[in-house]
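Last residue of the sequence shown: 119 (numbering that gives the first Met the number 0), numbering continuous. All C-beta atoms, glycine included, are put in the ideal place defined by N, C-alpha and C.
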Amino acid sequence: MSTTRSETVIGGLADTALSQPDASGPDIKALAHLNGATVVRLSFRAGQSMPSHTARWPILVLGQAGRVEFTVDDTMTVLTPGTAIHVDAEVTHALTATEDSALSLIVLTPHHQDHPKGTP
Numbered sequence: 000m001s002t003t004r005s006e007t008v009i010g011g012l013a014d015t016a017l018s019q020p021d022a023s024g025p026d027i028k029a030l031a032h033l034n035g036a037t038v039v040r041l042s043f044r045a046g047q048s049m050p051s052h053t054a055r056w057p058i059l060v061l062g063q064a065g066r067v068e069f070t071v072d073d074t075m076t077v078l079t080p081g082t083a084i085h086v087d088a089e090v091t092h093a094l095t096a097t098e099d100s101a102l103s104l105i106v107l108t109p110h111h112q113d114h115p116k117g118t119p
């Protein structure tokens, strides 16, 4: 990650490598805490999932590599490179990777929740 006074460049968004390859769930790595957003990389092995859960703030999830089934209520959306889904706060959702995959999760935090620029 590279940070200047007015911008932050974040790399590694499509990395599918896992820090714990034998884990039952995805590898979750916070890449940056920014003004109004936290950027997180989710790396999955085929078959790994995140069971139904909610997020405190709205989220934007972008497909970076592979294929992930993203379910909100009874509607399933397939996230692949170049696709994204926005989910409002406190809405239940679940994810299942059908192949090795990476997603970028952007948590849209209120400005008063900001972290020092560029610190993960």
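- Item | Contact under 7 Å by Cβ, L123 with R40 | Beyond the ends of the chain as shown, which are 0 and 119, falls residue 123; an answer cannot be given.
- Quick one: residues in its chain with C-beta nearer than 7 Å to the C-beta of Q63, no 5 flanking neighbours on either side, listed in chain order? Residue numbering aside, residue 63 sits at position 64 when the sequence shown is read from its first letter. Only L12, A13, P80, A101, L102, S103 meet the Cβ criterion.
- Query: On the three-state DSSP scale, how would you describe D72?
  - Reply: As a position in the sequence shown, residue 72 is number 73, starting the count at 1. Three-state DSSP puts D72 in coil, outside helix and strand.
- CB-CB under 7 Å to V71, same chain, minus the five flanking residues each way: which ones, in chain order? Stepping through the sequence shown from its first residue, residue 71 is reached at position 72. Spatial neighbours of V71 in its own chain (CB-CB distance under 7 Å, excluding positions within 5 residues in sequence) are listed in chain order as V86, V90, H92.
- Message: Please return the same chain residues whose Cβ sits closer than 7 Å to the Cβ of Q112, not counting the five positions on each side in sequence.
- Response: One-based indexing of the sequence shown puts residue 112 at position 113. Note that Q112 scores a pLDDT of 48, beneath 50, so its modelled location is shaky; the value from the coordinates is reported in the next line. Contacts found: none.
- Query: What does a CB cutoff of less than 6 Å around T53 pick up in its chain, not counting 5 residues either side in sequence?
  - Reply: What you label residue 53 is simply residue 54 of the sequence shown in a count that begins at 1. Take T53, set aside five residues on each side of it, and the residues of its chain with a beta-carbon closer than 6 Å to its own are E89, T91, in chain order.
- Under 7 Å between C-beta atoms of A96 and Q47: Translated into positions along the sequence shown, residue 96 becomes position 97. Translated into positions along the sequence shown, residue 47 becomes position 48. Yes; because the gap between Cβ atoms is below 7 Å, this pair is in contact.
- Keeping to the same chain, check which residues put their C-beta closer than 6 Å to that of V60; ignore five residues upstream and five downstream. Taking the sequence shown and counting its residues from 1, the one referred to as residue 60 is at position 61. Same-chain partners within the cutoff: I84, L102, L104.
- Counting only the same chain and skipping the five closest in sequence on each side, list residues whose C-beta sits under 6 Å from that of H114. In the sequence shown, counting from the first residue as 1, residue 114 sits at position 115. Per-residue confidence for H114 stands at a pLDDT of 49, beneath the threshold of 50, marking its modelled position as unreliable; the derived number appears in the next sentence. Taken in chain order, the residues that qualify are H32.
- Task: Give a yes or no on whether the C-beta atoms belonging to F69 and L94 are separated by under 7 Å.
- Result: Reading the sequence shown from its first residue, position 70 is the one you call residue 69. Reading the sequence shown from its first residue, position 95 is the one you call residue 94. A contact, by the Cβ cut-off of 7 Å.
- Task: State the beta-bridge partners of T15 as determined by DSSP.
- Result: Mapped onto the sequence shown, residue 15 falls at position 16. Beta-bridge pairing links T15 to no other residue.
- Task: Out of P25, D99, N34, state which residue places its alpha-carbon closest to the alpha-carbon of E6.
- Result: In the sequence shown, residue 6 corresponds to position 7, counting from 1. Minimum Cα distance to E6 is reached at N34.
- Query: Where P109 and A36 are concerned, what is the direct C-alpha to C-alpha distance, given to the nearest angstrom?
  - Reply: Counting from one through the sequence shown, the residue named residue 109 turns up at place 110. Counting from one through the sequence shown, the residue named residue 36 turns up at place 37. So the two alpha carbons sit approximately 8 Å from each other.
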